[in-house]
Amino acid sequence: MKPTFTIFVTDGDEYAEKNVHYAARKYGAACISVSSGNPTMMTGKELLQVMAQTEERLQFIMFDDCGLAGEGPGEQAMLEIAAHQDVRVLGVIAVASKTRRGDGEWASVDVSVDRYGKLTHHAIDKSGLPDIEVGRVYGDTVDCLEKLRPATIVGIGDIGKMDGRDTVERGAPITCQAIELILERSGFQDDR
Numbered sequence: 001m002k003p004t005f006t007i008f009v010t011d012g013d014e015y016a017e018k019n020v021h022y023a024a025r026k027y028g029a030a031c032i033s034v035s036s037g038n039p040t041m042m043t044g045k046e047l048l049q050v051m052a053q054t055e056e057r058l059q060f061i062m063f064d065d066c067g068l069a070g071e072g073p074g075e076q077a078m079l080e081i082a083a084h085q086d087v088r089v090l091g092v093i094a095v096a097s098k099t100r101r102g103d104g105e106w107a108s109v110d111v112s113v114d115r116y117g118k119l120t121h122h123a124i125d126k127s128g129l130p131d132i133e134v135g136r137v138y139g140d141t142v143d144c145l146e147k148l149r150p151a152t153i154v155g156i157g158d159i160g161k162m163d164g165r166d167t168v169e170r171g172a173p174i175t176c177q178a179i180e181l182i183l184e185r186s187g188f189q190d191d192r
């Protein structure tokens, strides 16, 4: 497998898939969406085979645990891919997938983007609004993200939604802003 640079997206529904495909075209990346769905059904090993057949060096990969507690199938696939010697995880778009609860899974984030495109260190909820906590996102596919450090982790609301502010018709602005933050902070340069 050739060296591959990836951004993981912790959502796999149809709205997220449309946005990630749109963003992949915009940034000259591949969108690995065979892992989309609720939950992700492909293993990390199967996804690595798909990634190896893709020409683009930069790849956006979708994962979803469909609300399963602990490290579900999406997170297991994420960790398997991240452990591969030819894969460098530039960052993760950590999607808020439910309202904060005592039993909810959460992950630390470096920064969040609210539904208005403003950067914040506060948690972001599913609708893309800032919460009172600092530096967290609550979701169902975020339990393993600390194991992916030093990759940049950006918290956002529900991709493709956020009260209509992140639709493809509007240019998926919040999704694209999160990708740009990761690319900038990682120092990724496309040499093509």
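Residue numbers are given in the numbering used here: position 192 of the sequence shown equals residue 192, and the series is strictly consecutive. Every residue, glycine too, gets a C-beta built ideally from N, C-alpha and C. A quick note: this is a predicted structure, and the numbers were derived from the prediction, not measured.
Annotated as proximal: residue 97 and residue 140, with beta-carbon spacing under 8 Å. Distance check between residue 54 and each of 112, 63, 33, 90 places 33 closest, using alpha-carbon atoms only. Per DSSP, residue 162 lies in no beta strand (DSSP E) segment and is marked neither H nor E. Burial is judged here by how many other beta carbons sit within 10 angstroms of a residue's own beta carbon; residue 123 has at least 16 and is buried. The beta carbon of residue 36 sits closer than 6 Å to those of 12, 17, 62, all from its chain and outside the five residues before and after it, given in chain order.
Residue environment analysis places residue 116 among the exposed positions, since fewer than 16 neighbouring C-beta atoms fall within 10 angstroms of its C-beta. Distance from the Cα of residue 28 is smallest, within the candidate group 75, 179, 145, for 179. Secondary structure note for residue 49: its alpha helix (DSSP H) is the uninterrupted segment 44-52. The distance from the Cβ of residue 71 to that of residue 144 is about 5 Å, consistent with a contact at the 8 Å cut-off.
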